Each structure stands twice: as structure tokens, then as C-alpha cells.
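Mind the numbering: the sequence shown is residues -24 to -1, 1 to 176 in mature numbering (1 follows the signal peptide of the UniProt record, and there is no 0), read in order.
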Amino acid sequence: MKKWTILWLSGLMGLAVGPHALSAESESTTAAAPYLLAGAPSFDQSISQFREKFNADNPKLPLNEFRSIATSRDRANLTRAASKINENLYASTALERGTLKIKSMQITWLPIQGPEQKSARTKALEYMSAMIRAFVPTFSQAQSQQKLQKLLAAGKGKRYFADTEGAVRYVVADHGEKGLTFAIEPIKLALSETLEGNNK
């Protein structure tokens, strides 16, 4: 297995804490995809559709082709894939097997030391805010950047932080010098929540 794949997988380990804090998931679900809530839906687009639109909307932030990653812990209905952006930045995803629709999309940044650290972090934040706009197209560039900064500030130094807004769940796993992962996932809206929202 390639070194960057191993680093990406290690970056996702920080998200393993979350489900235990928020919901009582089964051991099998936690082992298969620790960053997904039990029964989580999929976004209504495949990984190839997402990548094509993302690259068209963000020509200066290209995403390379995603490659499948097989692990012994994956469930039969889940496929993982990753795309290397550069030596310290990776995109990864959990897909519904068969349809390849996105269940979770992540950007992982592995900090570097030295004079290039600031520009590398800036590039990582550009990808993360662009990912927000990809799933919440009503956000402007400024709004997505503000949302990202708010989420990263709330999750700073935390192995796991999650925040929901509408039908989207944001996840931050901040491991300091070991890396930062930002994820976006769809969630199911309960009927009572929908009705309550309509009554306001």
C-alpha cells in the first residue's frame, strides 16, 4: 500500500471517536466507517459526478481521479476511495457500493514545517471551503470561508467535533501537527424536525 494511502487512513482514525460520543452504534458499523452515523443517507451524486462538477467550478483546485481502497473492515455496502492532491493534502470518500453515491467526503491536511507551511495551509483551506460550496451551493465563497473558519475554531484541538446545519453534517478532527481532517456528510431530517421548522 502506498505511503500516502497509509497516511490518509491514519488521518481518518481521529474521526473514530465521534459516533461513540453522539450515538450508540453497533461495533460492526463503527469498525466499518467510524465517521458515518448509523443509517446515514447518501448525497444524490456519484463520486465521478462530484469530481467533474468540482473541477469545473474550481479550475485552480483540481481533484485527481479517486482510487478505491480495500480494507478488511469495510462492510459489504461501503466502498472507500482516495485522491492525492499533493504531498500533504488528500481527498477521501465513503461511497455507497453499487451506485458509488457519496456518503461522506473528507479533505485531510498533513501539516508541514518550514517556510511553505502557511501557503500549504491556505491551499488546504481553499479545498475545504470549496467542498462546502459543492454540497451547499447557496453559499458564496465568502460565506463558505466564514463557515469553515467557524467550524475549525470550534473543533480546534479536538479529536472529534461535529455540527449539523439543515441536511448536512460537518465533522472536524484536529490532531495538531499530526493532521487535520474536515468532512461533510448528509443526514436524515426527522419528520418532527421538518414539521417544526415549517411552523416557525
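For every residue, glycine included, the Cβ atom is placed at its ideal position computed from N, Cα and C. In this text, all values refer to a predicted model and were calculated from it rather than measured experimentally.
Per DSSP, the bridge partner or partners of residue i
i           : result
residue 62  : 65
residue 92  : Per DSSP, none; premise fails for residue 92.
residue 105 : Paired residue(s): none; residue 105 is not in a bridge.
residue 160 : 81, 146
residue 55  : 71
residue 45  : 56
Own chain partners of residue i with C-beta closer than 7 Å, once the 5 adjacent residues on each side are dropped
i           : result
residue 128 : 148
residue 123 : 108, 115
residue 70  : 9, 12, 54, 56, 79, 80
residue 88  : 64, 96
residue 23  : 42, 57, 69, 71, 76, 78
Close-in-space but distant-in-sequence residues of the same chain around residue i (CB under 6 Å, 5 per side omitted)
i           : result
residue 109 : 115, 120
residue 165 : 143
residue 82  : 68, 157, 159
Three-way DSSP call (helix, strand, coil) for residue i in this model
i           : result
residue 116 : coil
residue 33  : helix
residue 137 : strand
residue 18  : coil
residue 165 : coil
C-beta neighbour in chain C for residue i, strict 8 Å
i           : result
residue 121 : As a matter of chain content, chain C is missing from the structure shown, which is built from one protein chain.
8 Å CB neighbourhood of residue i in its chain, flanking five on each side removed
i           : result
residue 144 : 111, 112, 160, 161, 162, 163
### Message
Does the contact criterion of 3 or more C-beta pairs under 8 Å hold for the stretch 15 to 25 versus the stretch 76 to 87?
### Response
Contact between the stretch 15 to 25 and the stretch 76 to 87 is present, because at least three Cβ pairs lie under 8 Å.
### Task
Would you check if there are 3 or more beta carbon pairs closer than 8 Å linking the stretch 38 to 46 to the stretch 131 to 142?
Fewer than three Cβ pairs drawn from the stretch 38 to 46 and the stretch 131 to 142 lie within less than 8 Å of each other, which leaves the two stretches out of contact.
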